[in-house]
Amino acid sequence: MAGMELLSDQGYRLDGRKATELRKVQARMGVFAQADGSAYLEQGNTKALAVVYGPHEMRGSRSRTLHDQAVINCQYSMATFSTAERKRRPHGDRKSTEMSLHLKQTFEAAVMTQLYPRSQIDIYVKILQSDGGNYSVCVNAATLAVIDAGIPMRDYVCACTVGFVDETPLADLCYAEEGGGVSSLALALLPRGGQIALLQMDARLHQDHLERLIEAAMTACKGVGKVLDEVVRQHLQEVSVLTSD
Amino acid sequence: MAADMRLPTIRKTVSLSVSAFDRKDLVVPGDVITSDTGFMRGHGTYVDEDKLTASVAGEVQRVDKLICVRPLKTRFNGEVGDVVVGRITEVQQKRWKVETNSRLDSVLLLSSVNLPGGELRRRSAEDELTMREYLQEGDLISAEVQSVFSDGALSLHTRSLKYGKLGQGVLVQLSPSLIKRQKTHFHNLPCGASIILGNNGFVWLYPTPGQQEEEAGGFYTSLEPVSLSDREVISRLRNCLLALAAHKVLLYDTSVLYCYESSLQHQVKDILKPEVMEEIVLLTQQKLLEQEG
Amino acid sequence: MLKSKTFVKKTRSGRVMKIVREHYLRDDIWCGSEACDECKQESTVLQQEACIESNLCSYPHYLIPDTNVVLHQIDVLGDPVIRNVIILQTVLQEVRHRSAPVYKRLKDIMHEKEKHFYTFTNEHHRETFIEREPGESANDRNDRAIRVAARWYSQHLKTPKSSTDGLKVVLLTNDQGNKQKAEDSGLLVYKCEEYIKSLIANPDLMDRLALSSDDKNEITSSKVLFPEHLPLSRIQTGIKSGSFLQGTFRASRDNYLEATVFVQGEGEDSTEVLIQGLQDLNRAVHQDVVAVQLLPRNQWVAPSSVVLQDEGTAKDDDIEEEEEEKVLRISAHEAARKPTGKVVGIIKRNWRPFCGMLNVSQIKESTRHLFTPADRRIPRIRIETRQASTLAGQRIMVAIDGWPKDSRYPNGHFVRSLGSAGEKDTEEEVLLLEHDVPHQAFSQAVLSFLPKMPWAITPEDMVRREDLRHLTVCSVDPPGCTDIDDALHCRDLENGNLEVGVHIADVSHFIRPGNALDKEAASRGTTVYLCGKRIDMVPELLSSNLCSLRSNVERLTFSCIWEMNHKAEILKTRFTKSVINSKASLTYAEAQMRIDDATKNDSITKSLRGLNKLAKILKRQRIEKGALTLSSMEVRFHMDSETHDPIDLQTKELMETNSMVEEFMLLANISVAQKIYDEFAECALLRKHPPPPPSNYDILLKAAKSKDVEIHTDSAKALADSLDVARVDGFPYFNTLLRILATRCMMQAVYFCSGMDSDFHHYGLASPIYTHFTSPIRRYADIIVHRLLAAAIGADSTYPDLMDKHKQSALCINLNYRHKMAQYAQRASVSFHTQLFFKNRGIVNEEGFVLFVRKNAIIVLIPKFGLEGTVFFDTKDKTAPNLVFDEEGPTLNVEQHTFHIFDKVKVTISLDDSNIQHQKIRMALIDPVIPGVSVPAPDIEPQAKKPKLD
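Protein chains in written order, with the UniProt record's numbering: chain A, 1 to 245; chain B, 1 to 293; chain C, 1 to 950.
The following block contains the structure:
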C-alpha cells in the first residue's frame, strides 16, 4: 500500500488530529431574514448553508399532502465552486437526489411532523465548499436551521462520518481520508436519547467491527451535538437579550 | 451608476450581561423542563418518558399548570380577533385562499366579505362567478381572524370598513413575534403615512387617505399618483421597520414613530447601513425608555 | 488544547484546482524525554542519562539524524550502542517514501524498548511546523523543518532546572549545506562519520558505516564505466510515451552478463526483455525495478546458452570481460532472437542485505575488499573493513550502499558475521537467510498464546464437536514423522455403503485469529523441512504434541466424512469438528505390510484395506479425468545420529499406501474447496494450478522427438495419456526422465482468493477447484481454510480479516512467496548435504543421463542420487574442444561425439571446493571417451561404503 498513511504510529492523522478528534465546527443561525429559518455551518473546510421554509401550505402537487402530518421536502445541492474542479452540477442528479432522500429520512425521524397536518416543510441545503463529510455537515446545518425556524423537534440531529483504518475508527473524515480507501459510515443521531436517525454505509466492513465503528460514530455525534448546543444557546441568549426589554 | 461598496467587517458580538447567561427559562430542543408530572403539556413541549421536554428553542412560559415554550421565531399562530395582512393565493368556489404567514393558508369565505350593495345582500351564484372581480390572485388584503379551524387554518373576515383590499402602499414582511399586541393595529402616523401592523408580521404602509370617503365595500383602489413626499415618508418608514426588526425591537406605533424621528438626520438610503441602523435603534430605545420612565 | 490553522492552497495542473486542506497544529505533543518536567507525557522514551561514550560529545545527548543518515546508515542506527535517538516525523515520512525496506527496519528499531528511539511528530507541533517558503524546494523545506525541530529540542531541554548538566541534542547530517546552516543557527551538528568515529570502544561500528558518495572518488578510478541513469521524471515521461518499458530486473543465474527484464503488460500479456553486457545492464541489480529501452531490431540477440561466472579479480578485469562479452555475441538464428534492450534508469532499488563471503584483497593493509554474495545473481560488492583477516573464511552479510557510474562494482558495507564458512550451522543459516525464511526462536509473546500444560479436553471444547473417539482411526505417515496432521478411518455402514473419514488436526482451535501466535504463523506461512532440520511454523508444543494426531491420545480434529458406495462414488459429504483417539500411527511400510498380510484381520487392517480399495478407484477416476502423474527426484539422507552428517542417501520409494493417503487428502481438499467456495464466494482461499503456455513444452517435445516418441500437450489428459504410452525398448528409465522433464514445464501452483480471480482450475490434478485443508500444522493456508470451513458449518465465528478479500489476497501473496522460498531452501539444503556426502566419500563413478544440452555443457542426472550436475566442455585452463551446438536437437557435438538428450553417460562425481563459497559437485565425463575432454576413470573406488547404496 503505497498511498498516504492515514494514521501514523504515533496516532496522528494527516491533518494532525487524533483518531477521535473532530474538526473545528463553527456555525451561525439566522443568517437570512426572508427565510423562516437558516443556518451556516463550517466543519473544518466543509461549509454548508441550510435554509428552512415552513411549515406552510402544500405547494406544487397537492396529492402529496398527508392528512396527519407534515411533508418534509429536502433539497441538496452543491455549488459549482465547492469542489476542487469547477463543475456545473445539474439540478437533481443521482447523487444529490440520493442525498436529498437521506436528509429527508433523517429529519422525518426528528421533526415532530404530526403537529402540522397537511403542511409542508422545505429544507434546502447547499454545500459551498466540500472537504469530506458532506452529508453530516448538511444534517448539522439543517438542524440549526430547523431550530431557528422554531419547528418542534424531539432533539437535535447530529451527524458524523467515521471511517475505519488500521483497526481504528477515525471520527469526522476529511476529503483526503474519504478518498484514501477507508470504509466510511455516516450516522445521524439524536444525542440525548441515543436514537439513530439514519445510518448509511456503502463499503464492506466485517460485522465485528461494526459495533465499534457505530460506537465511535455515536461518540463523535455527541461531540458535534455539544458544539451545536452551544451555538443554539448562544444564539438564544443573544436574541433574547435584544427582545427582553 | 455609483454603487455603494463596503468592505467586510468583523461582526460585533452582542455583549451578554452575566445575568443573561444564567437565564433558566431558555431551553433548546431536547431539554427537560421538568420531570414533575403535575404540569400540563403546552405548545413547544412534548413528553418523553414522563419528562416534559422542550421541542423548540425559546423561552419557557408557565401559566398555572400549563407549560409552553415560545420559540424566538415562528410562523403566525392566529387567534380570533387578530388583525392580519395577507395575499390572495387562490380563488376557489365560495372562498379565497390567503397567504398569511401561518402554516396553512387562511380562508376568506365569500360569505365573510362585504360585497358592494349592502351588508345583508344575499350571495348568489352570480357572485361566485364574479369573485375574481373583487379579489384576484396577488391582491393584498387586511382582515381579521374570525375563527380557527381544527387543523389550525384561519378563517378570516373583512366585515368592517377598515378591512378590505389594499391599494397603493408597501408591504414589509417581518417575524410575527415582533408585533406587539395592541387595541388597534391601524395607525395614522403623524409623519404623514398610515400603517397596518398585521399580527402575522405583515406590515402595510400606505399614504394616509385624504378623507374618510365612503368606499365601495373596500374593493375600490385609488390609482391616483402618490406624491413624492408621501413616498419618501413611506420608504423611510419601511427602512425603519427593517432596522427595528433587525435589532428585534417590538413594533407598535410609538416605537415606529420614535424610530422615524430618530432617522430623520439620515438619508433614507443610509438607514440600512449597519452602523446607522444601530445608532437609530439605540436612539429609539432610549426614547422609549424615557417615555416609559 | 487544539490550535487550528487553515490554509487554502491553489495548485495548477493543467486546470485550476482548488485544494482545501486543513492542518491542526497541536500543543499537546510531548518531547518524550525523561529529563523534561514540562511536558505532561504519560511515558517517556528518551532516558535522562543518555550517554554514548564519544570523544566529541562528553555530555549526555540525544541524536537527531536527518533523512539521508537514516536511509544510508540504518545498519549503524540498528546497533545496540546507538540509543536515545529522536526520529522526526519529517524524516520518517521521507524514509517511508524513499525506501520501504529501510522504513520497515526503522520501525522495527523504534519498537525495541531498549533502543530508546522516540518519534517526535514535529509536523503537527505548533512550534516546529513550518510552511514551505516560495522558491524553496521540498527537500530544503524538510531540511529546514529538521533544523527547526532540533533547535526547538535544544531550547526545550535547556529549561528544566533539574538537568543542569545540560542535556543536548546533536544533529547528524551528511549534507554540507545543511550542516553549515545548522551551525549558523547555533546547533550542535556533526557528520555521521565524524560522530561514529568519535565513539569510544566501538571501532567495529566504523565498518558498518555506509560509504557515502563523497568517498567514491578515492575508491575508483575516474573512468566512467557506465552510462548515466536517467532522472525519474524523464523515465516517467518515457514510460508514458512508450519509448521505455518498466519491469523487474532478473539477473541470470548462469551468466552474470545476461539478464531479463520482466515487463508486466496489461492483463495477461507480459513480455521479457533480454539484456546483455555490462554496459546495457547498467548497474541494475537482481530484483530492481528498472526502465529499459528496446534496442533496434537488428541488434537483438538470442539468450546465450553459455554459463559464465564473474571470476574476475578486484583489479582491472576489462580485458577479460571484453572477451566474455564477445562470447555472448555469437550470431544466433533470426528466430531465436528475442527483444533486447538496455537499462536506462532505475525506478526502484530492491536491495537487501546479502550473505556471502569476503575475497580478501591481496594487499595486506588494504581496507577495501571485494565481497562475493552467495546468490550468483547479485554482483560482487566492494566493502571497506578493517577486520578483513577475521572475516576471511566467514560467512558475512553485506548491504549495498550505492553504485557510482565509475565503479565496476557496487559499494557496500559490512552488516554482520554469520560464522565460519563450510560449517553446517553457518551454511544452514546462510541458506535460510538467503531464502528469507524466518527461523528465529518463537518470541515470548508468541509462546504466551499456547495452551497451558497439562492440557486436556474440557467440556467447553466438546460443544459443537462430535465425539468420534470410538472410531478406529489410524494415521499413516513417513517414518520419523512427529507432526502428524491427518488420520483416516473407514467402516462399513448398515446400508452396505462405506463411511470414510479424514481427520485433520484442529490447529485453528489453538491458534486464534489476530493474536501474536497467529501473526507469527501467518508470516512464516509454512514449515520448512531441511535435511535433518525442521523450521516449524507453529511452536513445537502444538506441532509435535497437541496437534499431532498420535496414537492412543485424544486429539481435537476437523473431520471430513463421506458416505461412499463401493464404486467410490460420494453419496454424502459432511464436515464437523470432532475428537478422535487414533488407534495406531503407522508408517507407509507398516501400513503396506498390514494390507498385504492376509493373516491380519483386526479392525485397523480392515479399515486400511477398505481405504486402499477405494483409493485405487479414486486414483483411476482421477487419472481418467486427466490428472497428471509427474515425477521428480526426491532423495532422503540417512543422517548420522550424532554428527548429523549425511552418511547415506536414497531416493524416496513410493508405496501403494503413499498414494492411498494422498488420494483421500486430495478428495478432502476438493470437497472442502467446494464447500468454502459455495459459502464464501468472495473470500475463499483456494489453490490453482494454471496450465502452462504451450511454449513451455518445447523442450519436452524436442526431447521426446529425439527418441521418436510423440507427446501431446493439447490438454492435461492428452499429456497424461501420451506420457503413459511413451516407452522406449531397452530404456526403462526413459518414462521417468520424460516425466521429470514434463514437471519442469509446469507452472507453479498458487494460493489465491476466490474474490480476486475467476480461473480456479487446477491443471495438474484436473480438478475444477482445489484448496489445502489437510496440513494445518505445517501450512498456514490450511489454517485459514479451516477457519473458513468452521465458519461455513457454524462451528466458529468469522472475523474481519477473514472476510476481507484484499487482506486475504495479500496473505496469499505472502504464502506463495514463503512456499516458493521454502522449496528453494529445501533444494539448497539437499544440495548442500549432497556436497557434504560427496566430500566424505571422495570421487565416485556413476551412470547418468543427459537431461539438457547447453551450448558449452551438458546437464547430467544421476538417478541413483537424484543428483543433477553440469559437465563443462570449455574449462578455463584448457583449450576448448571443438563444440558444435545444434539448437534443433538440441544436440552438442564435441569433437567427434554428439550428445543428445537422454544419452547415457558415465561420469565421475567429486566435490569441487576450490571456491569455498560455492562448493559444487563437479562431474567429469568418463564414458563416452572423448580425447582431451573425458577423464580416465579413477582407480580407487571407495569400496567400503559402496554396498550400502545398492
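Even glycine gets a Cβ: it sits at the ideal position worked out from N, Cα and C.
Check: Contact set for residue 43 (chain B): own chain, Cβ-Cβ below 6 Å, skip 5 residues either direction; Outcome: 68
Check: Spatial distance of residue 360 (chain C) from residue 145 (chain C) (CA atoms); Outcome: 44 Å
Check: Whole alpha helix (DSSP H) elements within the segment 80–152 of chain A, 4-residue minimum; Outcome: 94–110, 134–148
Check: Residues near residue 546 (chain C) by beta carbon distance below 7 Å, same chain, minus five either side; Outcome: 451, 455, 510
Check: Alpha-carbon spacing of residue 240 (chain C) relative to residue 234 (chain C), whole angstroms; Outcome: 10 Å
Check: Residue 217 (chain C) in three-state terms, based on DSSP; Outcome: Caution applies to residue 217 (chain C), whose pLDDT of 43 falls short of 50 and renders its modelled position unreliable; the value that the coordinates give is listed next. In the structure shown, residue 217 (chain C) sits in a helix (DSSP, three-state: H, G or I).
Check: Sub-8 Å separation of residue 135 (chain B) and residue 196 (chain B) beta-carbons; Outcome: no
Check: Nearest candidate by alpha-carbon position, reference residue 442 (chain C), set C:481, C:396, C:537; Outcome: C:537
Check: Residue 78 (chain B) at chain A interface by Cβ criterion, 8 Å; Outcome: no
Check: Contact set between residue 42 (chain A) and chain B, taken where Cβ atoms lie within less than 9 Å; Outcome: Those within 9 Å of residue 42 (chain A) in chain B number zero; the least Cβ separation is about 14 Å.
Check: Cβ shell of residue 941 (chain C) (< 6 Å), same chain only, five flanking positions each side left out; Outcome: Because the pLDDT at residue 941 (chain C) is just 43, under 50, the model does not fix this residue reliably, and the value given afterwards should be weighed accordingly. There are no such residues.
Check: 7 Å Cβ shell around residue 108 (chain A) - same chain, five flanking residues per side excluded; Outcome: 72
Check: C-alpha gap between residue 63 (chain C) and residue 8 (chain B), whole angstroms; Outcome: 50 Å
Check: CB contact check: residue 248 (chain B) to chain A, cutoff 8 Å; Outcome: yes
Check: Where residue 520 (chain C) falls, given that 16 or more other Cβ within 10 Å makes a residue buried; Outcome: buried
Check: Reference residue 123 (chain C); option with closest CA among C:25, C:807, C:863; Outcome: C:25
Check: C-beta neighbour in chain C for residue 19 (chain A), strict 8 Å; Outcome: no
Check: Short Cβ contact (8 Å threshold) for residue 380 (chain C) with residue 426 (chain C); Outcome: no
Check: Element boundaries [beta strand (DSSP E), containing residue 169 (chain A)]; Outcome: 168–171
Check: Contacting residues, own chain, Cβ-Cβ under 8 Å from residue 98 (chain A) (five flanking each side not counted); Outcome: none
Check: When A:231, A:237, A:54, A:45 are compared against residue 172 (chain A), the one with the closest alpha-carbon; Outcome: A:45
Check: Meets three-Cβ-pair contact criterion under 8 Å: the segment 561–575 of chain C and the segment 607–621 of chain C; Outcome: yes
Check: Proximity test, Cβ basis, 8 Å: residue 119 (chain C) and chain A; Outcome: yes
Check: Backbone CA spacing between residue 283 (chain B) and residue 259 (chain B) [nearest angstrom]; Outcome: 8 Å
Check: Residue 156 (chain C) versus residue 35 (chain C): straight-line alpha-carbon distance, rounded; Outcome: 11 Å
Check: CB contact below 8 Å: residue 160 (chain A) versus chain C; Outcome: no
Check: Terminal residues of the alpha helix (DSSP H) in which residue 229 (chain B) lies; Outcome: 228–246
Check: C-beta neighbour in chain C for residue 16 (chain A), strict 8 Å; Outcome: yes
Check: Simplified DSSP state of residue 103 (chain C), which is helix, strand or coil; Outcome: helix
Check: Nonlocal neighbours in the same chain, by C-beta distance under 8 Å from residue 24 (chain A), ignoring five residues either side; Outcome: 42, 43, 44
Check: Strand pairing of residue 486 (chain C), partner residues [DSSP]; Outcome: C:504
Check: Which listed residue (C:368, C:850, C:228, C:857) has its alpha carbon closest to that of residue 403 (chain C); Outcome: C:228
Check: Near-chain B residues of the UniProt domain "Exoribonuclease phosphorolytic" (155–219) of chain A - C-beta to any C-beta below 7 Å; Outcome: 155, 156, 192
Check: Buried versus exposed call for residue 217 (chain B) [16 or more other C-beta atoms within 10 Å across all chains shown]; Outcome: With a pLDDT of 46 at residue 217 (chain B), under the threshold of 50, the modelled position of this residue cannot be trusted; read the value that follows with caution. That one is buried.
Check: Alpha-carbon to alpha-carbon, residue 705 (chain C) and residue 698 (chain C); Outcome: 10 Å
Check: Cα-Cα separation, residue 170 (chain B) to residue 201 (chain B); Outcome: 14 Å
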